[in-house]
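Take a look at the structure below.
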Amino acid sequence: MNAIKEAIKTVSDLWSLMVGLRVTGKYFLEPQRTVRYPWKAVSNIGTFKGHLELVGGGQKDPFKPRCISCGMCALACPSHCITVVKKKAPKPTPEEEKALAEAKANGEKTKDKAPKDPEKFVYDYSLCSLCGTCIENCPAGALSFTGNVYMAGYSRNDFLFDLVVKLRDSQAPAPAEPAAVPAETSEA
Amino acid sequence: MTHSALPDQVAGDFYTNNFAKNAQEGSLILNLGPQHPSTHGVLRVVVEMDGEYILRAEPVLGYLHRMHEKMAEVKTAAQFIPNMGRVDYGHALGWNWAFVGAVEKLAGIEVPERAEYVRVITCELNRLASHLLWWGAYLLDLGAFTPIMYAFDDREKILDILQAPTGSRLTYSYFRIGGVAKDLNEDCLSRIRAFIPWMRERLPMYKDLVSDNIILRKRIEGIGVIEPEVCRRFGATGPVIRGSGIAYDVRRSDPYSVYPKLDFEIPTSDLMDARGRYDVRIAEFEQSLRIIEQCLDMMPEGDVLVKGAPKPSWKAPKGEAYFAVEGARGKIGVYLVSDGGKNLYRTKLRAPGFCNLSLFAEVSRGTILADAVAILGSLDLIIPEIDR
Amino acid sequence: MPAEFIRILIGLVAVAISVGLIGLVMVWVERKVAGHIQRRPGPYEVGPSGLLQPLADALKLVGKQLFMPDKADPILFWLAPVLSFLPVLLLFLPLPLGDGLYALDVNLGLLLILAFSGLAVLSLLLGGWASNNKYGLLGAARAVAQSVAYEIPLLLSVLAVSFVAGSLNLAEVVKGQGTWPWNWNIMTQPLAFLIYMVSALGETNRAPFDLPEAESELTAGFHTEYSGMGFGLFFLAEYANMVVVCAVATALFLGGWNGPVLPGPVWFVLKVSLLMLLMVFFRWTYPRVRFDQLLNINWKWLMPLAVLNLLATSFFVKLAQFTEVRW
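Residue numbers (numbering that gives the first Met the number 0), protein chains in the order written: chain A, 0 to 187; chain B, 0 to 387; chain C, 0 to 326.
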């Protein structure tokens, strides 16, 4: 009796192998799930946090940063990948200097003429951990993530950006993207 | 052939030589790893073998040590969050939560209710992703090449969902002290809703393809039996201890967040072997899906980040706090000491994988090499978490 | 006999070319099938549907530096891959593709194949031993234990068929079978066929019996230290061995070139391809068995079953002869 039970069990165990073959056989005939990358790209990279960029719109100019060079981002950054260089006030012309001195003499309050937007906004992507702390702590809403996931370079210096320059250059027609990524989407 | 094949020069490193001192005559000292297909990264296990049998095994750690605990001493609490995503790439949100929860406990910060639900949903999704990764990789260890592709197919869906709020796919830094960084929008919620039945439909396929497979059953049944007492002694947690029949789950034993309001079971298995741990993890798929389903229904409207959430310059109040969450691999604990200064004075991370790995030396003794691989896989180790 | 000699010569050249081609095609098929099972495309970039990918890989392998580990035995180390590949050429000689379409007509064709396929073990052993690598050594030990064990049920199941056919000549065995599937030996010898296929998997070190090169345990087993064409030859030999065992199975059990409508060689190739496809599917579906289980399957199941099958077969063969005489 036991032997028969054993034999039946063995057969049913071996049947599990057939079941496995049926699963792989089924998937063999089903459509593929992969996206053939260089020719097609996935469609959901919009929500991906790529590298940082400065948001334009400072002084009503879409290509001037909203950044007010307060340095909060650099302070907040856990990996110290941001360096903000403030613009120096332009040297006043003699007339302006005169007017300034006059105003001071009259006891008027003088306005600091230094522009707020940064001279340089150096961003080291190779250090960045894309946590978003800088964005959350920016009082001016001047930072955002790009959806750019296709960044590659040959050396560390390729990932050292001046975001101000990058923003300014973005008004020029961008150099033709390498043919790799047509906007074709997939179901994934 | 003995290990001392090269008499005129010192072969091997400190660990090997130290290990070889107590070697038996005629045994073979074998270094599994740090580069080995089944050690998932850079775990190194020195084993002493007699033919195919393992006489002794000793894990060697430290190949992926990144000083996370030290880094916590030079960063403010809010700045340390990105690190937590890198401790365990499998279940990054669990670590996020453990740290953020500890800081909240220390500072007495209340988290908005919606944020709690968002945390539970994303954390459980991440747990699913982690278990899927384990499932695929474990079967790869056992020589089945295809399951990992199916697992990644499903995991990809989870990552796509999680990518929307978190912005990343693996090393999330999504939780914030006092909430989460971004709310789950309607599109994301509907995708999660669609994912649950889809995942449920996939589970029978897993069973057919692998769980019931006679070869797999013969490979993992009765292998690596860990008595509950041994589990306790080594501080094992998570599916490892539940696979030995002890229903220890931080979500129930030391409830946090909204878990007490949710209805779910703690799957356990009395088999105590690799099969038991396998079954527990497979059963946890269903439980995680249940939790997510309930959360979706119960989730209130509201903010996801408390008003006046700590900025990077925020100083934690003086004191200490310990907070533990249930990660995919077990109890993730974070212990904080703050002296009221800019940075936290001390941050101790309790990685479940570390305790689970320490079982390996005990369990693998006397097994054959293939079983050792099966045991190692059944512990579900993520090396960066062990080394920290 | 010069005619015979020329025939062998032509056969050898044809075999050498076809082994290379089969190797390339099989690599492509394996990767493509594996890809589709796993719901990905497999190779698709080089050539139409990636058909030239194996060729590119082979060229890469040829171009790679031949590397030998320190303190390895240079002669044995390089002998092993050659030794694993050379007998394969011989194995193809007695295979009958069609009626009269074989390179070497020997009465003991089966014996020749079995004898020379036994040589493959030696090369694995040498390769693993000479590498001066612990994984290689373990892999070699496994290879020997496995191949020696699995040769026996393989032989016994083959013997059962040749009892029925009354010949060890493959062409004769094929001729003894009819056109339709119910005339084939698989109908009279289903158990022998099963045993043969399982043993063949073990004999060719294919998954789920790929213990000697079990990558999650032994990294790559006996060929851990081989690079470039050294590895390439092992690789090619594995696929060639697969073809041989499938071809023998076809000839013995599936009626060889017999089949309706289509010409003989086409049927033969079709059947062989089908069996190969099955082997590929096995590999990408099942986990690997454990080493002691592997030997248990052999000694506790296949061996007794094969012996019983052989006894039963010989009994019925004798009975058939007896009744024939009486009539």
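Don't be surprised by glycine CBs; every beta carbon is placed ideally from N, CA and C.
Straight-line gap, residue i to residue j (C-alpha atoms, nearest Å)
i, j, result
"P299 (chain B)", "I290 (chain B)", "15 Å"
"A13 (chain C)", "L90 (chain C)", "13 Å"
"L183 (chain B)", "I157 (chain B)", "14 Å"
"H222 (chain C)", "E150 (chain C)", "22 Å"
"D248 (chain B)", "L294 (chain C)", "41 Å"
"L217 (chain C)", "Q23 (chain B)", "22 Å"
"L295 (chain B)", "G70 (chain A)", "40 Å"
"L99 (chain A)", "P91 (chain A)", "9 Å"
"I188 (chain A)", "G89 (chain B)", "Since the displayed chain A opens at 0 and closes at 187, residue 188 (chain A) lies outside it and no answer follows."
"G237 (chain B)", "D379 (chain B)", "10 Å"
"K97 (chain A)", "F120 (chain A)", "33 Å"
"H64 (chain B)", "I381 (chain B)", "13 Å"
"I331 (chain B)", "D87 (chain B)", "10 Å"
"G335 (chain B)", "P77 (chain A)", "The question names Gly, yet the displayed sequence has Leu at residue 335 (chain B). Going from the Cα of L335 (chain B) to the Cα of P77 (chain A) covers about 19 Å."
"L88 (chain C)", "R85 (chain B)", "54 Å"
"P95 (chain C)", "V197 (chain C)", "23 Å"
"V316 (chain C)", "N308 (chain C)", "12 Å"
"Y205 (chain B)", "L166 (chain A)", "50 Å"
"A179 (chain A)", "S169 (chain A)", "Low confidence applies here, because A179 (chain A) scores a pLDDT of 44, under 50, leaving its location unreliable; read the following figure in that light. For A179 (chain A) and S169 (chain A), the distance between alpha carbons rounds to 20 Å."
"T1 (chain B)", "G258 (chain C)", "In this predicted model, T1 (chain B) has a pLDDT of only 47, less than 50, meaning its place in the structure is not dependable; the value taken from the coordinates is given anyway. Computed Cα separation, rounded: 58 Å."
"V54 (chain A)", "P227 (chain B)", "57 Å"
"A170 (chain C)", "G25 (chain B)", "51 Å"
Cβ neighbours of residue i in the same chain (closer than 6 Å, five flanking residues each side left out)
i, result
"V99 (chain B)", "F174 and I176"
"N136 (chain A)", "M71 and A75"
"V271 (chain C)", "C245, A246 and T249"
Cβ shell of residue i (< 8 Å), same chain only, five flanking positions each side left out
i, result
"C187 (chain B)", "I160, A163 and P164"
"L358 (chain B)", "I225, V229, C230, F233, A235, V239 and L378"
"E101 (chain A)", "none"
"T184 (chain A)", "Note that T184 (chain A) has pLDDT 43, beneath the 50 cutoff, so the model's placement of it is unreliable and no number is given."
"F18 (chain B)", "I28, V45, E47, R55 and E57"
DSSP beta-bridge partners of residue i
i, result
"K347 (chain B)", "B:Y334"
"I245 (chain B)", "Note: I245 (chain B) sits in no beta bridge, so no partner."
"A56 (chain B)", "B:V46"
"I81 (chain A)", "A:Y122"
"P189 (chain A)", "In the structure displayed, chain A extends from 0 to 187; residue 189 (chain A) sits before or after that span and is not available."
"G318 (chain B)", "B:S337"
"I367 (chain B)", "B:Y52"
"G231 (chain C)", "Note: G231 (chain C) sits in no beta bridge, so no partner."
"A323 (chain B)", "B:G332"
Cβ shell of residue i (< 7 Å), same chain only, five flanking positions each side left out
i, result
"F84 (chain C)", "L232, L235 and A236"
"I391 (chain B)", "Since the first residue of chain B shown is 0 and the last is 387, residue 391 (chain B) is not available in this structure."
"N342 (chain B)", "E72, V73, K74 and T75"
"G318 (chain B)", "L105 and S337"
"Q293 (chain B)", "L261 and D262"
"K115 (chain A)", "I67 and S68"
"P73 (chain C)", "M67"
"L274 (chain C)", "C245, A248 and T249"
"A213 (chain C)", "G220 and R287"
"A282 (chain B)", "P266"
"A246 (chain B)", "I265 and T267"
beta-carbon residue i near the ligand FMN non-hydrogen atom, thresh 7 Å
i, result
"A273 (chain B)", "Ligands are entirely absent from the displayed structure, and the ligand FMN is therefore not among its contents."
*Length-filtered (3 minimum) beta strand (DSSP E) runs lying within the segment 5–49 of chain B*: Counting only runs of 3 or more, we get 27–31 and 43–49.
*For the segment 276–289 of chain C, which residues have a CB atom closer than 9 Å to at least one CB atom of chain B, in sequence order?*
If the cut-off is 9 Å between Cβ atoms, the segment 276–289 of chain C has R282, W283, T284, Y285, P286, R287, V288 and R289 near chain B.
*asked:* Along the segment 13–39 of chain C, where does the CB come closer than 9 Å to a CB of chain A? Name the residues.
replied: Near chain A, meaning a CB-to-CB distance below 9 Å, the residues of the segment 13–39 of chain C are V32, G34, H35, I36, Q37, R38 and R39.
*Could you run through the segment 6–33 of chain A and flag, in chain order, every residue whose CB is less than 8 Å away from some CB of chain B?*
For chain B, the residues of the segment 6–33 of chain A that bring a beta carbon within less than 8 Å of one of its beta carbons are D12, L13, S15, L16, V18, G19, R21, V22, T23, Y26 and R32, in chain order.
*In chain order, which continuous runs of the beta strand (DSSP E) of length 3 or greater are located wholly inside the segment 114–169 of chain A?*
As far as the segment 114–169 of chain A is concerned, its whole beta strand (DSSP E) runs of at least 3 residues are 119–123, 142–144 and 159–161.
_Continuous alpha helix (DSSP H) assignments of at least 4 residues falling wholly in the segment 94–181 of chain B_ = With a minimum length of 4 residues, the continuous alpha helix (DSSP H) runs that stay inside the segment 94–181 of chain B are 112–140 and 146–165.
*Along the segment 139–151 of chain B, what residues have a CB closer than 7 Å to any CB found in chain C?*
Look at the segment 139–151 of chain B: the residues with a C-beta under 7 Å from a C-beta of chain C are L139, D140, L141, G142, A143, F144, T145 and M148.
_Which residues of the segment 201–235 of chain B have a Cβ closer than 8 Å to any Cβ of chain C? Give them in chain order._
Cβ contacts with chain C: L208, V209, N212, I214, L215, K217 and R218.
*Members of the segment 24–46 of chain B that neighbour chain C once the beta carbon cut-off is set at 7 Å*: Flagged, chain order: L27, L29, H35, P36 and S37.
*Identify each residue in the segment 292–306 of chain C for which the Cβ-Cβ distance to at least one residue of chain B is less than 7 Å, and report them in chain order.*
Within the segment 292–306 of chain C, the residues whose Cβ lies closer than 7 Å to some Cβ of chain B are Q292, listed in chain order.
_Residues from the segment 42–61 of chain A in contact with chain B, defined by Cβ distance under 7 Å_ = Here the close residues are N43, T46, F47 and K48.
_Which residues of the segment 364–382 of chain B have a Cβ closer than 9 Å to any Cβ of chain C? Give them in chain order._
The segment 364–382 of chain B vs chain C, Cβ under 9 Å: I367, L368, A369, D370, A371, V372, A373 and G376.
*In chain order, which continuous runs of the beta strand (DSSP E) of length 3 or greater are located wholly inside the segment 23–54 of chain A?*
Secondary structure in the segment 23–54 of chain A: the beta strand (DSSP E) runs of 3 residues or longer, each lying completely within the stretch, are 51–53 in chain order.
*Can you give, in chain order, each stretch of the alpha helix (DSSP H) that sits fully within the segment 156–206 of chain C and has at least 4 residues?*
Entirely contained in the segment 156–206 of chain C, the alpha helix (DSSP H) runs reaching 4 residues are, in chain order, 169–174, 184–187 and 189–202.
*What residues in the segment 116–138 of chain A bring their beta carbon closer than 8 Å to a beta carbon of chain B?*
Those would be S128, L129, C130, G131, T132, E135 and N136, in chain order.
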